[in-house]
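S.K.: Before we start, here is the structure in question, set down as structure tokens.
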Amino acid sequence: MARFSKRVGREVLEGHPRLPEWITKERVKLSDLHGMKRDLRDSHLHTVCEEARCPNRTHCFTHGTATFLLMGEVCTRACGFCSIQSGKPRALDAREPLETAERVAALGLRFAVLTSVNRDDLPDGGAAHFAETVLAIRRRNPGVGVEVLVPDFLGDLEAVARVVAAGPAVFNHNTETVPSLYPEVRPAGRFERSLRVLAHAKELGTALYGHAFRTKSGLMLGLGETEAELMTTFEALAKAQVDILTLGQYLRPTRHQLPVKRYVHPDEFADLGAKAKAFGFATVYAGPLVRSSFNAHEVAEMEGISIA
2 MARFSKRVGR EVLEGHPRLP EWITKERVKL SDLHGMKRDL RDSHLHTVCE EARCPNRTHC
62 FTHGTATFLL MGEVCTRACG FCSIQSGKPR ALDAREPLET AERVAALGLR FAVLTSVNRD
122 DLPDGGAAHF AETVLAIRRR NPGVGVEVLV PDFLGDLEAV ARVVAAGPAV FNHNTETVPS
182 LYPEVRPAGR FERSLRVLAH AKELGTALYG HAFRTKSGLM LGLGETEAEL MTTFEALAKA
242 QVDILTLGQY LRPTRHQLPV KRYVHPDEFA DLGAKAKAFG FATVYAGPLV RSSFNAHEVA
302 EMEGISIA
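Each residue of the sequence shown is one higher than the one before, starting from 2 at the first, in my numbering.
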């Protein structure tokens with residue numbers, strides 16, 4: 002049974018849910034992706050757009066935005082929602098920052114989002130690699146915005162500071178779900194640790210760049226959270242001075258990940274988005290196919306973000 006107090010969304014029956022029409026009608030048109038997919042694969046760079054099978058690939062690619070997956074395709078963690086391979090990663094590729102910057106130029110991107118697998122095997126969690134890639138993109142592509150979607154760096158605030166100092170337009174770290182579901186959804190994560198990362202990034206970024214610096218976080222719905230838990234989570238993120246919040250439907254990547262407990266109706270997303278906005282977030286995106294980097298370029302333009 003769904004844990005939401007409201008029953009607007011479609012319930013999942015017998016572990017074999019049928020996708021509701023508001024999901025299926027927006028399925029990605031793979032033919033529209035062919036050119037971008039070919040160019041990305043020829044570059045031997047990874048994008049989370051492909052690795053995570055994001056439903057918004059057409060939308061983002063055609064708006065000059067792509068999310069690059071740094072530091073390999075093997076993660077040191079095994080989150081319950083994620084289809085990226087877990088195991089022992091390879092050594093970092095020192096060429097990746099420059100190659101990513103060149104690929105941003107070759108693809109004519111307007112906005113680049115950088116994320117990564119968790120690299121708990123590295124002393125700084127990969128923070129220096131993030132910073133080098135941000136700087137490389139900014140040097141090679143003046144005027145192109147960069148958002149970073151970082152792991153929690155195991156709570157290392159010096160690592161957070163290193164990424165912020167590189168000057169990303171947006172610092173994003175997803176809390177993913179409500180605290181009560183962390184043991185099954187994000188077992189190696191800690192909600193309070195993620196809040197500290199976001200709060201520290203906001204404090205440092207504001208000191209360095211003023212109010213142009215924005216922080217961001219996102220949640221997946223449909224994993225078993227209650228509305229009351231969401232309200233408490235929204236409040237905690239607002240107190241951490243997060244500026245931008247994304248709310249989207251969890252979609253099970255393969256049968257090996259956690260099942261969907263409930264499909265949330267678009268009307269309920271709109272209602273939750275309005276309630277979240279009341280906590281003071283500058284921008285809230287809420288909808289079934291909203292993902293963390295969805296409309297990243299529009300958020301930046303809307304907020305007037307320009308980090309020198």
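A virtual CB, placed ideally from N, CA and C, is assigned to each residue, including glycine.
#1: I need the straight-line Cα distance from A283 to L273, nearest angstrom please.
#2: On the three-state DSSP scale, how would you describe G211?
#3: In angstroms, rounded to a whole number, what distance separates the CA positions of V186 and L93?
#4: For E177, write down the residues that DSSP places opposite it in a beta bridge.
#5: Are the beta-carbon atoms of G73 and V118 separated by less than 8 Å?
#6: On the CB-based measure, 16 or more other CB atoms within 10 Å of its CB, does E177 come out buried or exposed?
#7: Measuring alpha carbon to alpha carbon, tell me which of V135, N175, R140, G156 ends up nearest L150.
#8: Is the CB-CB distance between L99 and V145 below 8 Å?
#9: Taking the alpha carbon of I138 as the point to measure from, which residue in L155, G288, R96 has its own alpha carbon closest?
#10: Roughly how many whole angstroms lie between the Cα atoms of E204 and A129?
#11: With a 10 Å radius around its C-beta and 16 neighbouring C-beta atoms as the bar for buried, classify V147 as buried or exposed.
#12: Count the CB pairs spanning the stretch 249-261 and the stretch 204-217 that are closer than 8 Å, and state whether there are at least three.
#13: Where do the N-terminal and C-terminal ends of the beta strand (DSSP E) with F69 fall, by residue?
#14: Rounded to whole angstroms, what's the CA-CA distance from S293 to L248? Just pull it up for me.
#15: Just how far apart, CA to CA, sit G190 and R78?
#16: On the criterion of 16 or more Cβ atoms from any shown chain inside 10 Å, does R58 qualify as buried, or is it exposed?
#17: Can you name the start and end residues of the alpha helix (DSSP H) that E185 belongs to?
#18: For Y286, write down the residues that DSSP places opposite it in a beta bridge.
#19: Are the beta-carbon atoms of R141 and E193 separated by less than 8 Å?
#20: Strictly under 8 Å for the Cβ-Cβ distance: is D153 near chain B by that measure?
#21: Starting from the Cα of V171, find the closest Cα among E269, I245, F235 and give me that residue.
#22: CB G206 to CB A239, shorter than 8 Å?
#23: Can you tell me whether T116 is helix, strand or coil according to DSSP?
#24: Which same chain residues, not among the five before or five after P90, have their C-beta less than 8 Å away from its C-beta?
#25: Pick out whichever of L196, D157, L224, G219 has its Cα sitting closest to the Cα of P184.
#26: Output needed for E133: all residues of its chain with C-beta closer than 6 Å, excluding positions within five of it in sequence on either side, in chain order.
#27: Secondary structure at V149, three-state DSSP: helix, strand or coil?
#28: Three-state secondary structure (DSSP) at A309?
M.R.: Let me lay it out:
#1: Position 282 of the sequence shown, counting from 1, holds the residue named residue 283. Position 272 of the sequence shown, counting from 1, holds the residue named residue 273. Using only the alpha carbons, I get a separation of about 15 Å.
#2: Here residue 211 refers to the residue found at position 210 when the sequence shown is read from its first residue. Helix.
#3: Taking the first residue of the sequence shown as 1, we reach residue 186 at position 185. Taking the first residue of the sequence shown as 1, we reach residue 93 at position 92. V186 and L93: Cα-Cα distance of roughly 27 Å.
#4: Residue mapping note: residue 177 aligns to position 176 of the sequence shown, counting from 1. Secondary-structure assignment with DSSP links E177 through a beta bridge to L220.
#5: Position 72 of the sequence shown holds residue 73. Position 117 of the sequence shown holds residue 118. Contact: yes.
#6: For the purposes of this step, residue 177 is identified with residue 176 of the sequence shown, where counting begins at 1. So E177 ends up on the buried side.
#7: Position 149 of the sequence shown, counting from 1, holds the residue named residue 150. That would be N175, whose Cα lies nearest to the Cα of L150.
#8: As a working note, residue 99 is residue 98 in the sequence shown. As a working note, residue 145 is residue 144 in the sequence shown. For L99 and V145, no; Cβs fall outside 8 Å.
#9: Residue 138 sits at position 137 when you count from the first residue of the sequence shown. The option with the nearest alpha carbon to I138 is R96.
#10: By 1-based counting over the sequence shown, the position of residue 204 is 203. By 1-based counting over the sequence shown, the position of residue 129 is 128. Going by the C-alpha atoms only, they are around 20 Å apart.
#11: Mapped onto the sequence shown, residue 147 falls at position 146. By the Cβ-count criterion, V147 is buried, with 16 or more other Cβ atoms from all chains shown falling within 10 Å of its own Cβ.
#12: no
#13: In the sequence shown, counting from the first residue as 1, residue 69 sits at position 68. Per DSSP, F69 belongs to the beta strand (DSSP E) from 66-71.
#14: Working through the sequence shown from its first residue, we reach residue 293 at position 292. Working through the sequence shown from its first residue, we reach residue 248 at position 247. In this model, S293 and L248 are separated by some 8 Å (Cα to Cα).
#15: The residue labelled residue 190 in the question sits at position 189 within the sequence shown. The residue labelled residue 78 in the question sits at position 77 within the sequence shown. Their backbone Cα atoms lie some 9 Å apart in a straight line.
#16: As a working note, residue 58 is residue 57 in the sequence shown. Low confidence applies to R58: its pLDDT is 47, below 50, so where it sits in the model is not reliable enough to give any reading.
#17: Numbered from 1 along the sequence shown, position 184 holds the residue referred to as residue 185. From DSSP, the alpha helix (DSSP H) with E185 extends over 183-186.
#18: Position 285 of the sequence shown, counting from 1, holds the residue named residue 286. T247.
#19: Locating residue 141 in the sequence shown gives position 140, where the first residue counts as 1. Locating residue 193 in the sequence shown gives position 192, where the first residue counts as 1. Contact flag unset, no.
#20: Note that chain B does not occur in the displayed structure, where there is just one protein chain.
#21: What you label residue 171 is simply residue 170 of the sequence shown in a count that begins at 1. V171 has its Cα closest to that of I245, out of E269, I245, F235.
#22: Within the sequence shown, residue 206 is the residue found at index 205, counting from 1. Within the sequence shown, residue 239 is the residue found at index 238, counting from 1. Not closer than 8 Å, so no.
#23: Position 115 of the sequence shown, counted from the start, is the residue given in the question as residue 116. If DSSP states are grouped into helix, strand and coil, T116 belongs with the strands.
#24: Here residue 90 refers to the residue found at position 89 of the sequence shown. Taken in chain order, the residues that qualify are M72, G73, V75, C76, T77, V118, R120, D122.
#25: Walking along the sequence shown from the start, residue 184 turns up at place 183. Checked all of L196, D157, L224, G219; the closest Cα to P184 is L224.
#26: Position 132 of the sequence shown, counting from 1, holds the residue named residue 133. Excluding sequence neighbours, E133 sits near P98.
#27: Translated into the one-based positions of the sequence shown, residue 149 becomes position 148. DSSP places V149 in strand when its eight states are reduced to three.
#28: As a first step, residue 309 must be located in the sequence shown, where it is residue number 308. Reliability of the predicted coordinates at A309 is poor, the pLDDT of 43 falling under 50, and the value obtained from them is presented with this limitation in mind. In the structure shown, A309 sits in coil (DSSP, three-state: anything other than H, G, I, E or B).
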